[in-house]
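The listed protein sequences correspond, in order, to chains F and R.
Quick note, this note's numbering runs 1 ahead of the 1-based positions in the first sequence.
Quick note, this note's numbering runs 1 ahead of the 1-based positions in the second sequence.
Note that CB positions come from ideal geometry on N, CA and C, so glycine has one too.
Protein chains: 2
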Amino acid sequence: MMHHSFELILANIGRHISLTAEESSYFTQLLRPGHYARRELLLMEGAVCTDFTFIVSGCMKSYLLDQQQKEHILTFAAPDWWIADINSFITGNPGNLFIQAISETHTLALSRRNQEILLREIPKFERCFRILTERAFAASLQRNIDAMSLSALERFEKFRLQYPYLLSLLSDQEIASYIGVTPSFFSRMLKKHHLK
Amino acid sequence: MMHHSFELILANIGRHISLTAEESSYFTQLLRPGHYARRELLLMEGAVCTDFTFIVSGCMKSYLLDQQQKEHILTFAAPDWWIADINSFITGNPGNLFIQAISETHTLALSRRNQEILLREIPKFERCFRILTERAFAASLQRNIDAMSLSALERFEKFRLQYPYLLSLLSDQEIASYIGVTPSFFSRMLKKHHLK
DNA sequence: CCTGCAACTTGACCTTGGTCAAGAACTCCA
DNA sequence: TGGAGTTCTTGACCAAGGTCAAGTTGCAGG
């Protein structure tokens with residue numbers, strides 16, 4: 002069963018580079034399994050994000066609180082995705098994001114220190130992380146584009162087409178926060194367009 | 002003088018990895034110098050972005066036109082920065098961004114093909130591009146956060162503090178587009194707050 | 001030096017989405 | 001199974017920022 006829990010992450014990595022059996026086990030032994038209850042925090046504002054975290058099951062979100070303590074969701078992470086406060090992770094400085102479990106979640110964490118060891122011992126992981134980062138970067142740019150050029154309704158339509166799986170896991174508030182509107186406006190919008 | 006034109010890019014790379022003299026010259030010979038007049042396009046919507054482009058002097062912007070043909074600026078690139086339509090570059094599909102020179106600009110282009118050769122011949126460049134991408138990714142996430150949690154005025158204040166150098170090169174329309182407001186609102190905002 | 005276009009400004013009005021507060025509807029355990 | 005907290009909905013009102021069009025200013029090229 003130990004073996005079983007690494008299947009998803011090895012498949013994830015295997016999409017970008019191929020590993021021998023030894024390399025795979027070297028890699029997996031650098032991972033730290035974690036378990037979070039619904040609403041449990043993985044990271045708090047002001048803490049240094051020391052881990053790059055892979056979601057095995059469940060779902061997490063990263064968000065920040067603005068000056069008025071309003072929550073703004075930056076990303077969701079479903080199974081087979083990674084989550085971190087990248088800015089804090091790469092600089093080593095305290096971050097301003099919270100990361101929280103939306104439902105009961107199993108994770109595998111790769112610490113900064115272990116990532117360095119991994120990259121030194123198996124340099125082809127550089128390639129893997131480059132590709133993962135490129136994709137996440139492209140997704141983030143697209144979100145900037147959408148925020149600038151689409152209406153709230155269009156952003157929601159796009160979200161539901163792109164992440165139908167997440168829709169069922171999230172509260173309306175969370176979807177509203179992600180697309181960048183208030184819960185009350187979101188509720189009105191759904192009603193007006195008979196989307197619920 | 003050939004040598005001189007590579008100093009900036011070698012310093013840029015040198016911030017992340019160290020290269021021998023041979024590696025440096027292997028790298029620079031994979032670069033294609035380019036020159037663009039003010040307003041000249043480096044990339045058009047619908048074209049495949051085949052190059053990762055380094056700005057030696059001058060300034061460029063990437064932008065898209067929305068359904069109503071309104072321009073939205075995604076990024077600026079001053080000297081010592083890279084610019085590309087990352088999504089098109091990594092997928093090889095036609096992109097939806099334009100890249101255009103704001104002033105007369107000298108560039109060094111690394112094509113996708115040459116990047117592959119470079120990564121194969123000198124694998125430590127994987128690390129370099131991973132780090133460059135991570136930083137660009139962190140900047141993009143921060144922009145998402147700012148778009149969600151700051152007012153137009155706050156976004157402008159942040160922009161002028163962060164990129165004072167760009168302020169002098171850009172028209173008000175371009176700044177307005179980048180911070181995500183119309184030129185007329187931007188003009189009113191400056192006046193209201195005595196910012197000009 | 002002048003002209004013609006591009007950039008900026010401004011007025012009047014409009015739209016999208018926010019605020020605050022109160023009520024209705026879930027749910028999750030004890 | 002029955003509260004106690006969430007979450008969702010809704011009304012009345014508000015504010016940030018957009019639209020359109022008409023000036024004005026500025027400046028680059030002939």
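Cβ-based neighbour list, residue i, same chain, cut-off 8 Å, excluding 5 preceding and 5 following
i: Asp173 (chain F); result: Pro184, Phe187, Ser188, Leu191
i: Leu65 (chain R); result: Glu46, Glu72, His73, Leu75, Asn97, Leu98, Phe99
i: Leu120 (chain F); result: Phe126, Glu127, Phe130
i: Ile18 (chain F); result: Lys125, Phe126, Arg128, Cys129
Exposure label - residue i; buried when at least 16 CB within 10 Å
i: Met61 (chain F); result: buried
i: Ser101 (chain R); result: Here residue 101 (chain R) is Gln; the residue named in the question, Ser, does not match the sequence. So Gln101 (chain R) ends up on the buried side.
i: Thr108 (chain F); result: buried
i: Tyr179 (chain R); result: buried
i: Met3 (chain R); result: The pLDDT assigned to Met3 (chain R) is 46, lower than 50, so where the model puts this residue is not dependable; a value taken from the coordinates is nonetheless given after this. Label assigned to Met3 (chain R): exposed.
i: Thr21 (chain F); result: exposed
i: Ala139 (chain F); result: buried
i: Leu167 (chain F); result: buried
i: Ala177 (chain F); result: buried
i: Ser152 (chain F); result: exposed
i: Ala137 (chain F); result: buried
i: Asn145 (chain R); result: buried
i: Leu196 (chain F); result: exposed
i: Leu162 (chain R); result: exposed
i: Glu175 (chain F); result: buried
Nearest residue (CA-CA) to residue i, options the options
i: Ser25 (chain F); options: F:Leu133, F:Phe126, F:Arg113; result: F:Phe126
i: Ile118 (chain F); options: F:Phe77, F:Tyr27, F:Arg16; result: F:Tyr27
i: Lys193 (chain R); options: R:Leu154, R:Pro165, R:Glu175, R:Gln163; result: R:Leu154
i: Leu11 (chain F); options: F:Ala48, F:Lys197, F:Pro80, F:Leu142; result: F:Pro80
i: Asp86 (chain F); options: F:Val57, F:Leu43, F:Ile123; result: F:Leu43
i: Phe90 (chain R); options: F:Glu135, F:Arg16, F:Gly181, F:Glu23; result: F:Glu135
i: Val182 (chain F); options: F:Phe157, F:Leu196, F:Leu162, F:Gln70; result: F:Phe157
i: Ile14 (chain R); options: R:Gln68, R:Arg161, R:Ile123; result: R:Ile123
i: Thr92 (chain R); options: R:Val49, R:Asn115, R:Thr29, R:Gln30; result: R:Val49
i: Arg39 (chain F); options: F:Gln68, F:Leu31, F:Ser58, F:Gln30; result: F:Ser58
i: Met149 (chain R); options: F:Glu23, F:Asp67, F:Glu8; result: F:Asp67
i: Leu142 (chain F); options: R:Arg16, R:Ser63, R:Gln116, R:Glu41; result: R:Ser63
Neighbourhood of residue i by C-beta, 7 Å cutoff - its chain only, sequence neighbours within 5 removed
i: Asn88 (chain R); result: Gly96
i: Leu170 (chain F); result: Cys60, Ile103, Ser104
i: Thr51 (chain F); result: Ser112, Arg113
i: Trp83 (chain F); result: Phe53, Thr54, Phe55, Leu133
i: Thr106 (chain F); result: Tyr37, Ile56, Ser58, Gly59, Cys60, Met61
i: Pro165 (chain R); result: none
Proximity test, Cβ basis, 8 Å: residue i and chain F
i: Arg114 (chain R); result: no
i: Gln143 (chain R); result: yes
i: Arg121 (chain R); result: no
i: Glu127 (chain R); result: yes
i: Ile146 (chain R); result: yes
i: Leu75 (chain R); result: yes
Proximal residues of chain R, C-beta to C-beta of residue i below 9 Å
i: Asp184 (chain F); result: The residue asked about is misnamed: residue 184 (chain F) is Pro in this sequence, not Asp. Per Cβ cutoff of 9 Å: no residues; Pro184 (chain F) is ~15 Å from chain R at best.
i: Ile84 (chain F); result: Under the 9 Å cutoff, chain R gives no residues; its nearest Cβ is about 12 Å from Ile84 (chain F).
Contacts of residue i in chain R (Cβ-Cβ under 7 Å)
i: Asp67 (chain F); result: Ser150
i: Met124 (chain F); result: Residue 124 (chain F) is actually Pro in this sequence, not Met. Within chain R, the residues near Pro124 (chain F) are Pro124.
i: Phe130 (chain F); result: Arg131
Contact list for residue i against chain R, beta-carbon separation under 8 Å
i: Ile87 (chain F); result: Glu135, Phe138, Ala139, Leu142
Short CB-CB distance (under 8 Å) between residue i and chain R
i: Gly181 (chain F); result: yes
i: Ile56 (chain F); result: no
i: Ile91 (chain F); result: yes
i: His194 (chain F); result: no
Under 7 Å by beta carbon: chain F residues contacting residue i
i: Arg16 (chain R); result: Near Arg16 (chain R) there are no residues of chain F at all, since even the closest Cβ is about 14 Å away, more than 7 Å.
i: Leu31 (chain R); result: Those do not exist, as Leu31 (chain R) stays about 18 Å from chain F at its closest Cβ, beyond 7 Å.
Closer than 7 Å: residue i CB and nearest the ligand NAP heavy atom
i: Tyr27 (chain F); result: For the ligand NAP, the structure offers nothing, since it holds no ligand at all.
Cβ shell of residue i (< 6 Å), same chain only, five flanking positions each side left out
i: Ala110 (chain F); result: Arg33, Gly35, Asp52, Thr54
i: Ala78 (chain R); result: Ile56, Met61, Ile84
i: Glu41 (chain F); result: Ala102
i: Leu31 (chain F); result: Asn115, Leu119
i: Phe7 (chain F); result: Thr29
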